[in-house]
Every structure is written in structure tokens, then in C-alpha cells.
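> Structure incoming, see below.
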Amino acid sequence: MVIFEVCQAVEHDWGIKMENANTPIKHTTIKEQVYQTLKERILSGTFQPGEWLQEAKIANSLSVSRSPVREALQQLLGDGLAVNVPNKGVYVKKITTQDMQDIFEVRSCFETIGIRRSANTLTDEIRDELISIRENLLKYYETGDKENYIIQDALLHKSIVRLSGNQLIVDLSVRIYTMEHLSRTTSLYSSERFRESVTEHIGIIDSILEGNTEKALEFNNRHLNLAREESLRQVDTP
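Per my numbering: the sequence shown = residues 33 to 270.
So this is what it looks like as C-alpha cells:
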């Protein structure tokens, strides 16, 4: 109920503010470089869930002092990618069944807002993005390229969130999708789920482009429900 009430509050008062969240940072500090390196290793599975992120060992492997490593670890804690165990240290977070339930509840809230507002917030830029994503989804589905398909999947849902026109939602969604990525692998799509997902994704995109928000919501709700079930199976698998 709390999530539902938050969604209602956001729906009640909103201002359109489109953004570009993918602008690369050209000049980074040592701390930022360490953070990006550790984040990449966590998301790629180099650092496994539950693995101890040893400050001294990481500093030595990256040839930096412990200070930027300590700061990077604090940022990972803020991202939800790591947890601090008292008297032990910082560990890569293990995504639980409850975490996954919470993630999809918030995703549903944010993406519903984006789709509902899309009739007013669909700019030429986002329209072109959706058309490009549509083409790529079909291409990677037809070639069986699940890895690149999943990348396009993520881009689609980020575009839907951008349609909310709400910068706070966009910023909060970054953490949500990052946490979900901890449990996401290319095996997430079974052959049957792969086939179903492309139908759902194309349905979402076409409905948004046509201005049919109710139909887009129907496709997206079905997609998120099935994706949640598949993700929960992944979390429960040892």
C-alpha cells in the first residue's frame, strides 16, 4: 500500500523535465574509476554475491591507496550493490526473494506512470529511440542473441521511465534496475520466455507509439508479471 500511495502522490503533482542520463563522464577521479571498476566486476559476476570486498586486497590489485577504495565501497553500499556486515566488512549483496518482489513492485509503479503520461511526454527523440529499440529487439530475437537482446530490453524500460517526465523517478530507477541486474543473466530467458517477451516488448512499443496507453499498460503489466516470476525462479536457484 505504501508504494501505491507514493505512486498516487507522484501522479498528482508532476512537472515535465526530460533528461539525458547517459551522458558519459569524460574526466573522472581515482575514486570514480575505482567505483566504476568495482561496480562493473559486481554486475559482470566477477565478484560473486556474498563475496567479501576486501579493502586492502582491492587497493593492492588496482595499485591505489585504500582511501579511494573505501569511498567507492561506500558508494556501492548506497547503490544497494553491497552490504556492510558489522565487525566483518563489506560484501556483495545477495538478492533475496523479498528484494526481487520489492524491485518489481517499484518498477511497476514507475513504468505505469511513464506509460500513462506518454501521450504528453513522447518527444521526437524518445519516439526515435523506441523505433530503434524495436528494430534491435527483433533483430536480436531472430538471431538468438540473448545478451544484446537483454541490453535492448533494459533500454526500453529506461525509456518508459523517462516518459514519466519526473527526474526524481528517473534517478531512483537507476538504483532499482542496477539491483535487479545483480540476479540477471542471459539464462533469464528460456526459449519460451524469449518468444513471449518479444511479443510483449513489441506490443508495449507499438501501443505507446500509437497513443494507446491502456493497451501499452496491459502489455507491460503482463510482461512485468512474467518477468518477476522468471526472476524469482533465478533467485531461488542455488
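Every residue, glycine too, gets a C-beta built ideally from N, C-alpha and C.
Taking contact to mean 3 or more Cβ pairs, one atom from each stretch, closer than 8 angstroms, check whether the segment 197-210 and the segment 125-133 are in contact.
In short, these stretches do not touch, since the Cβ pair count stays below three.
> For G342, does the count of other Cβ atoms within 10 angstroms reach 16, so buried, or fall short, so exposed?
With the chain running from 33 to 270 in the structure shown, residue 342 is simply not present.
> Once you ignore the five residues that flank S219 on each side, which residues in its own chain have a CB closer than 7 angstroms to its CB?
Low local confidence applies: a pLDDT of 46 at S219 is under 50, so the model's placement there is unreliable, with the coordinate-based value given in what follows. Nothing meets the Cβ criterion.
> Look up D160 in the DSSP assignment and say whether it is helix, strand or coil.
Three-state result, D160: helix.
> Quick check for students: name the residue ranges of the alpha helix (DSSP H) that lie wholly in the segment 187-225, counting only runs of 4 or more.
For the segment 187-225, whole alpha helix (DSSP H) runs of length 4 or above, ordered along the chain, are 199-213.
> Closest to E137 by C-alpha separation, out of A259, R265, Y123, V267, would be which residue?
Closest option to E137, Cα to Cα, is A259.
> Looking only at C-alpha atoms, which of L169, D131, L105, I135 sits nearest to L188?
Of L169, D131, L105, I135, the residue nearest in Cα terms is L169.
> Does the distance from the CB of R194 to the CB of I234 come in under 8 angstroms?
Against a cut-off of 8 angstroms, the Cβ pair of I234 and R194 comes out as no contact.
> Would you report the Cα separation of K120 and T78, rounded to the nearest angstrom?
Those two C-alpha atoms are separated by around 21 angstroms.
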